[in-house]
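Visitor: Numbering (the working numbering), first residue to last: 3 to 325. Note that CB positions come from ideal geometry on N, CA and C, so glycine has one too. Below are the structure tokens for one structure; questions will follow.
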């Protein structure tokens, strides 16, 4: 089922202290508009090389890809998406604008019974293609022709295509099937539900994709059958070498957008940030209050300290939900 395992005990969620810009941070595929017909060589290593306007579309950029070095003749007013990271390869998509974003009939979260998920766009001429395996949709992905039957935990990713336009932005939603033994569960703490959709456990090196949903108390109680206050894609990895082998690990969490780029969000009333820590005190602080108490005092007197919230965590890393 979707959530067979409760991560032992409670954890503390706090904002990470890392403020970083990776070496590839400025390298993004670009849609470049040429106002005049001419030959132009594009260099994305340090921004636009000339006076021509560069249009960056958030739904089309991708992490850790470079830009094409290419010379060619371009028509006025046309936009091209350069999506190949190798110099000399003139691979791009052409369009006068962007197709519309795909809308989902149901926002991501938990569910207890199967349902039919509808998709649509503002344009009746757009074709919607989607995937259920976590990959980004392409022009050869499954064509949407009617509601998708959601019977198990799944991440649905969709994008639209329309003649003469560049592909629309990616839109992803995650749906987690609740195990019957947690349907009636309630707590007075916030709850985080984590699912890797068959991706396996959280690694010590590199980040593993996961869906994170945040559930907060309503009328004093948190229930997993309520709609999440926040749901996002994220990358997780094990944090801390001395506790990596324990049953309850600490994890570094990075909120991601649909293209695995950092995304600033404000969970549980904490300041917006992309990098977070799920900290498991274990035997270092069995009472769970010493560090949060001192951090809070420090913030109250005007000296920075991490802000924390005590949360309960449910996680599923199994290959199949029925396991």
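Per DSSP, residue 405 is paired with what?
Guide: Missing from the structure shown is residue 405; the chain here goes from 3 to 325 and no further.
Visitor: Using the Cα positions of residue 294 and residue 206, report the straight-line distance between them to the nearest angstrom.
Guide: Sequence index remark: in the chain shown, residue 294 carries index 292 (1-based). Sequence index remark: in the chain shown, residue 206 carries index 204 (1-based). Distance between the alpha carbons of residue 294 and residue 206: 26 Å.
Visitor: Applying the criterion that 16 or more other CB atoms from any shown protein chain within 10 Å of the CB defines a buried residue, is residue 276 buried or exposed?
Guide: The residue you call residue 276 lines up with position 274 of the chain shown. Label assigned to residue 276: buried.
Visitor: According to DSSP, is residue 306 part of a helix, a strand, or is it coil?
Guide: Here residue 306 is taken as the residue at index 304 of the chain shown, counted from 1. Residue 306: coil per DSSP, three-state reduction.
Visitor: What residue range is occupied by the uninterrupted beta strand (DSSP E) comprising residue 174?
Guide: Numbered from 1 along the chain shown, position 172 holds the residue referred to as residue 174. 173-179 is the span of the beta strand (DSSP E), which, as asked, contains residue 174.
Visitor: Quick check: the Cα distance between residue 195 and residue 171, rounded to an integer number of angstroms?
Guide: Along the chain shown, one-based indexing puts residue 195 at 193. Along the chain shown, one-based indexing puts residue 171 at 169. The straight-line gap from Cα to Cα measures roughly 26 Å.
Visitor: What first and last residue would you give for the beta strand (DSSP E) that runs through residue 117?
Guide: Within the chain shown, residue 117 is the residue found at index 115, counting from 1. Element bounds for residue 117: 117-119.
Visitor: For residue 239 and residue 263, I'd like the C-alpha separation in whole angstroms.
Guide: In the chain shown, counting from the first residue as 1, residue 239 sits at position 237. In the chain shown, counting from the first residue as 1, residue 263 sits at position 261. So the two alpha carbons sit approximately 16 Å from each other.
Visitor: Give the straight-line distance between the Cα atoms of residue 208 and residue 126, rounded to the nearest whole angstrom.
Guide: Stepping through the chain shown from its first residue, residue 208 is reached at position 206. Stepping through the chain shown from its first residue, residue 126 is reached at position 124. Straight-line Cα distance between these residues: approximately 41 Å.
Visitor: With DSSP as the reference, label residue 187 as helix, strand or coil.
Guide: Locating residue 187 in the chain shown gives position 185, where the first residue counts as 1. Looking at residue 187 - three-state DSSP - the assignment turns out to be coil, as it is neither helix nor strand.
Visitor: For residue 234 and residue 213, what's the separation of their Cα atoms in angstroms?
Guide: By one-based count along the chain shown, residue 234 stands at place 232. By one-based count along the chain shown, residue 213 stands at place 211. Between residue 234 and residue 213, the C-alpha separation is close to 6 Å.
Visitor: If we ignore side chains and look at the alpha-carbon of each, how far apart do residue 215 and residue 257 end up?
Guide: Position 213 of the chain shown, counted from the first residue, corresponds to residue 215. Position 255 of the chain shown, counted from the first residue, corresponds to residue 257. Cα-Cα distance, rounded: 11 Å.
Visitor: Starting from residue 275, follow its DSSP beta bridges and name the residues at the other end.
Guide: For the purposes of this step, residue 275 is taken as residue 273 along the chain shown, with counting starting at 1. BP columns for residue 275 point to 267.
Visitor: How about residue 204 and residue 114: are their beta carbons less than 8 Å apart?
Guide: Counting from one through the chain shown, the residue named residue 204 turns up at place 202. Counting from one through the chain shown, the residue named residue 114 turns up at place 112. No, these two residues do not count as a Cβ contact at 8 Å.
Visitor: Is DSSP giving residue 145 helix, strand or coil here?
Guide: Here residue 145 refers to the residue found at position 143 when the chain shown is read from its first residue. Three-state DSSP puts residue 145 in a strand.
Visitor: Under 8 Å by Cβ, that's how I've got residue 217 and residue 192 pegged, so tell me the actual separation to the nearest angstrom.
Guide: Taking the chain shown and counting its residues from 1, the one referred to as residue 217 is at position 215. Taking the chain shown and counting its residues from 1, the one referred to as residue 192 is at position 190. Right, their Cβ atoms sit about 6 Å apart.
Visitor: What residue from 307, 152, 313, 305 has the CA that sits closest to residue 290's CA?
Guide: To locate residue 290, count along the chain shown from 1; it is residue 288. Closest by alpha carbon: 313.
Visitor: Under three-state DSSP, which class holds residue 204?
Guide: Locating residue 204 in the chain shown gives position 202, counting from the first residue. If DSSP states are grouped into helix, strand and coil, residue 204 belongs with coil.
Visitor: Only counting the same chain, and skipping five residues up and downstream in sequence, which positions put a Cβ closer than 6 Å to that of residue 176?
Guide: Indexing the chain shown from 1 puts residue 176 at position 174. Cβ within range, chain order: 110, 157, 213.
Visitor: Return the CA-CA distance between residue 251 and residue 318, expressed in angstroms with no decimal places.
Guide: Counting from one through the chain shown, the residue named residue 251 turns up at place 249. Counting from one through the chain shown, the residue named residue 318 turns up at place 316. Roughly 14 Å separates the two Cα atoms.
Visitor: Give the range of the beta strand (DSSP E) segment to which residue 328 is assigned.
Guide: Nothing about residue 328 can be read from this structure; the chain reaches only from 3 to 325.
Visitor: Give the DSSP-derived three-state secondary structure of residue 106 in the structure shown.
Guide: Position 104 of the chain shown, counted from the first residue, corresponds to residue 106. Residue 106 falls in the strand class under three-state DSSP.
Visitor: What number of angstroms, rounded off, separates the C-alpha of residue 230 from the C-alpha of residue 272?
Guide: As a first step, residue 230 is located in the chain shown; it is residue number 228 there, counting from the start. As a first step, residue 272 is located in the chain shown; it is residue number 270 there, counting from the start. Roughly 16 Å between the two C-alpha positions.
Visitor: Can you name the residues that DSSP bridges to residue 193?
Guide: Stepping through the chain shown from its first residue, residue 193 is reached at position 191. BP columns for residue 193 point to 217, 314.
Visitor: For the candidate residues 292, 241, 302, whose alpha-carbon lies nearest to that of residue 390?
Guide: Nothing can be reported for residue 390, as the shown portion of the chain is limited to 3 through 325.
Visitor: Spatial neighbours of residue 120 within its chain, please: CB distance less than 7 Å, with the 5 preceding and 5 following residues excluded, ordered by chain position.
Guide: Here residue 120 corresponds to residue number 118 of the chain shown, with the count starting at 1. Result list for residue 120: 107, 149, in chain order.
Visitor: For residue 296, name the three-state secondary structure that DSSP assigns.
Guide: In the chain shown, residue 296 corresponds to position 294, counting from 1. Helix, per DSSP.
Visitor: Taking all protein chains shown into account, do 16 or more other C-beta atoms lie within 10 angstroms of the C-beta of residue 305, making it buried, or fewer, making it exposed?
Guide: What you label residue 305 is simply residue 303 of the chain shown in a count that begins at 1. Classification for residue 305: exposed.
Visitor: What whole-angstrom Cβ distance do residue 159 and residue 128 have, given they're in contact under 8 Å?
Guide: Taking the chain shown and counting its residues from 1, one reaches residue 159 at position 157. Taking the chain shown and counting its residues from 1, one reaches residue 128 at position 126. Going by Cβ atoms, the distance from residue 159 to residue 128 rounds to 16 Å, so no, they are not a contact pair.
Visitor: Per DSSP, residue 223 is paired with what?
Guide: For this step, residue 223 is matched to residue 221 along the chain shown. For residue 223, which the question treats as bridged, DSSP gives the partners 220.
Visitor: Please report how far the alpha carbon of residue 2 lies from the alpha carbon of residue 274, in whole angstroms.
Guide: The displayed coordinates of the chain run from 3 to 325. Any statement about residue 2 would go beyond what the structure contains.
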